[in-house]
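Residue numbers (our numbering), protein chains in the order written: chain A, -10 to 220; chain B, -10 to 220. Here a beta-carbon is modelled for each residue, glycine too, at the ideal position from N, C-alpha and C. What follows is a set of notes on a single structure, which appears directly below.
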DNA sequence: CCAAAAGTGTTGGCCTTACACCCATGA
DNA sequence: TCATGGGTGTAAGGCCAACACTTTTGG
């Protein structure tokens, strides 16, 4: 078979990227989803996605989609899984590559998101999603929990300065269970990746909680090696 | 935008599946790779792969490719990652979804494999592979090791009856380090998923080692819940 | 002065690891 | 009888989970 028939006889497919975009706000883990604009299922809730173009990699497509919706660059993203069932999209045969992203909600462009019909919803309030998007979300959650054991994912979701109770609250949201206050502090501080600031955040208590930020150098070092993070 | 322009304006892409096929034979972890038949890179070593057709899911495409090469059905397979760089295949823009498979080499169709130009090579003897296939292999190995912590992957690679030294040897190959004989037996037997047979295998020692096989019921039960398998 | 959240250490149990000798048998 | 790989138990240390009280301060 010649090179031409080898490649040219093969069928081509629409390829999409769909992003499961997590954020953290008001002590809740949230998801950015949007109202679909086109048929079939126009008006129904959907993950944020788009088609892969000829001149971009799938990773770049995901980053582009994210930027278009949130205005943000250089976001933490990871590829999750590719959904390839023939009839998963009722409009056409579309193979979808999913990514999850972790976003600091405060830093994103709320106006841009609204223009796209995108909204942050708390995980407990997520309506049914089109096609297999609910399954994608569930897999993303499983992966997020899994990833949190070996990677400091939580830090991507918090603002630059944060308190330990906030961080713990975030992990409690991710794992959907309570974490022991003392054990949590012990473990986090033992990693030695946090820098204690002189400021306190009194927004959630009278006593006030110390603010911390990441020690970038140690954090980068730890990222290279990975680490155990069993809660 | 109408439904037609939404789907029809989007570009289409060649989508391939590439399989990282692991087997275990003569105490070595092996990989099934083949000589590529078409240009570019005809004659070079390649993973086993093929294009996704219109009437099949990506999972089905991977299973088909595997069956065409080994004659085997109902193989343990898992999707790994999708490689979407624009220029990763020098012949055309191809998006590749990778799968890894665990095979009992003894049960596969060696003649069929040879007809396809496919060969089992020990991991240490793998030549450079085309395109990004070496990267795919490395990721598959990482994933296999990772998966082995939470899933009894080793059992998929052994014949129905096997000895504990064989099983340990397999895990040593996967982790590329020695495992303590006593601790290994303790842990495996504590899982209570093995059935001890009356037969012995004397092929590798004069004393002979007891043969075991899996207790299907308990094994299925354990597969549902997952389990820790730290070696 | 009281309510509400922040902060702080110790202990027991379990799990992991390290480690050495006897057994069975074919050659 | 000896060489080869198979099979067996125990003890120490590290890690994780459970647990309750004091501190601070705004209202």
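Query raised in the report: chain B beta carbons: is any one of them nearer than 8 Å to that of residue 173 of chain A?
Result: no
Requested in this report: Have a look at residue 68 of chain A and residue 142 of chain A and give me their C-alpha separation to the nearest angstrom.
Outcome: 14 Å
Query - Residue interval of the alpha helix (DSSP H) (run including residue 135 of chain B) - result: 122 to 139
Query raised in the report: Does the stretch 182 to 195 of chain B come close enough to the stretch 148 to 159 of chain B to have 3 or more Cβ pairs within less than 8 Å?
Result: yes
Query raised in the report: Can you give the beta carbon distance from residue 70 of chain B to residue 87 of chain B, rounded, assuming they're within the 8 Å contact cut?
Result: 6 Å
Requested in this report: Answer yes or no: does any C-beta atom of chain B fall closer than 8 Å to that of residue 103 of chain A?
Outcome: no
Query raised in the report: What three-state label does DSSP hand residue 71 of chain A in the structure shown?
Result: strand
Requested in this report: Taking residue 151 of chain A as the query, report the chain B residues whose CB atoms sit under 9 Å from its CB, ordered along the chain.
Outcome: In chain order: nothing, as chain B lies at least about 30 Å away.
Requested in this report: Mind checking the stretch 14 to 47 of chain A against chain B and listing, in chain order, the residues whose C-beta falls within less than 8 Å of any C-beta there?
Outcome: 26, 27, 28, 29, 40, 41, 42, 43, 44, 45, 46 and 47
Query raised in the report: Along chain B, in chain order, which residues have C-beta atoms closer than 9 Å to that of residue 97 of chain A?
Result: In chain order: nothing, as chain B lies at least about 25 Å away.
Report task. Measure how close the beta-carbons of residue 200 of chain B and residue 189 of chain B come, nearest whole angstrom, since I'm counting them as under 8 Å. Result -> 7 Å
Query - Where residue 10 of chain A sits in the DSSP three-state scheme - result: strand
Requested in this report: Quick one: which residues of the stretch 64 to 81 of chain A get their C-beta closer than 7 Å to a C-beta of chain B? List them in chain order.
Outcome: 68, 70, 71, 73, 74, 75, 80 and 81
Query raised in the report: So residue 87 of chain A is in the alpha helix (DSSP H); what residue range does that whole segment cover?
Result: Not the alpha helix (DSSP H): residue 87 of chain A falls in the beta strand (DSSP E), residues 83 to 92.
Query raised in the report: Quick one, which residues of the stretch -8 to 4 of chain B are near chain A if we go by CB-CB under 8 Å, in chain order?
Result: -8, -5, -4, -1, 0, 1, 2, 3 and 4
Report task. Check whether the Cβ atoms of residue 75 of chain B and residue 46 of chain A lie closer than 8 Å to each other. Result -> yes
Query raised in the report: For residue 5 of chain A, which residues does DSSP report across the bridge?
Result: A:40 and A:85
Report task. Report the rounded CA-to-CA distance for residue 133 of chain B versus residue 83 of chain B, giving the unit in angstroms. Result -> 25 Å
Requested in this report: Would you mind reading off the limits of the beta strand (DSSP E) that contains residue 190 of chain B?
Outcome: 183 to 190
Query raised in the report: How is the beta strand (DSSP E) around residue 159 of chain B delimited, first residue to last?
Result: Taken as a continuous stretch (DSSP letters only), residue 159 of chain B belongs to no beta strand (DSSP E), being part of the alpha helix (DSSP H) at 153 to 164.
Query raised in the report: Within 8 Å (strictly less), CB to CB, does residue 9 of chain B reach chain A?
Result: no
Report task. To the nearest angstrom, report how far apart residue 39 of chain A and residue 119 of chain B are at their CA atoms. Result -> 30 Å
Query raised in the report: Residues bridged to residue 19 of chain B by DSSP?
Result: B:12 and B:111
Query raised in the report: Should the stretch 9 to 23 of chain A be called in touch with the stretch 109 to 124 of chain A, which here means at least 3 C-beta pairs below 8 Å?
Result: yes
Query raised in the report: Quick one: what does DSSP say residue 180 of chain B is sitting in, helix, strand or coil?
Result: helix
Query raised in the report: Under the three-state reduction of DSSP, which class applies to residue 193 of chain B: helix, strand or coil?
Result: coil
Query raised in the report: By the criterion of Cβ-Cβ separation under 7 Å, what are the contact partners of residue 84 of chain A in chain B?
Result: 4 and 47
Query raised in the report: According to the Cβ coordinates, are residue 91 of chain A and residue -5 of chain A closer than 8 Å?
Result: no
Query raised in the report: Mapping DSSP to helix, strand and coil, what is residue 118 of chain A?
Result: coil
Query raised in the report: For residue -1 of chain A, which residues does DSSP report across the bridge?
Result: Residue -1 of chain A pairs with nothing; no bridge assigned.
Query raised in the report: Should residue 32 of chain A go down as buried or exposed, given a rule of 16 or more other Cβ atoms within 10 Å for buried?
Result: exposed
Query raised in the report: Going by DSSP, what residues sit across from residue 24 of chain A in a beta bridge?
Result: A:34
Query raised in the report: If residue 122 of chain B and residue 7 of chain B are in contact, beta carbons under 8 Å, what's the gap, nearest whole angstrom?
Result: 7 Å
Query raised in the report: Since residue 56 of chain A is in the alpha helix (DSSP H), which residue starts that stretch and which ends it?
Result: 47 to 59
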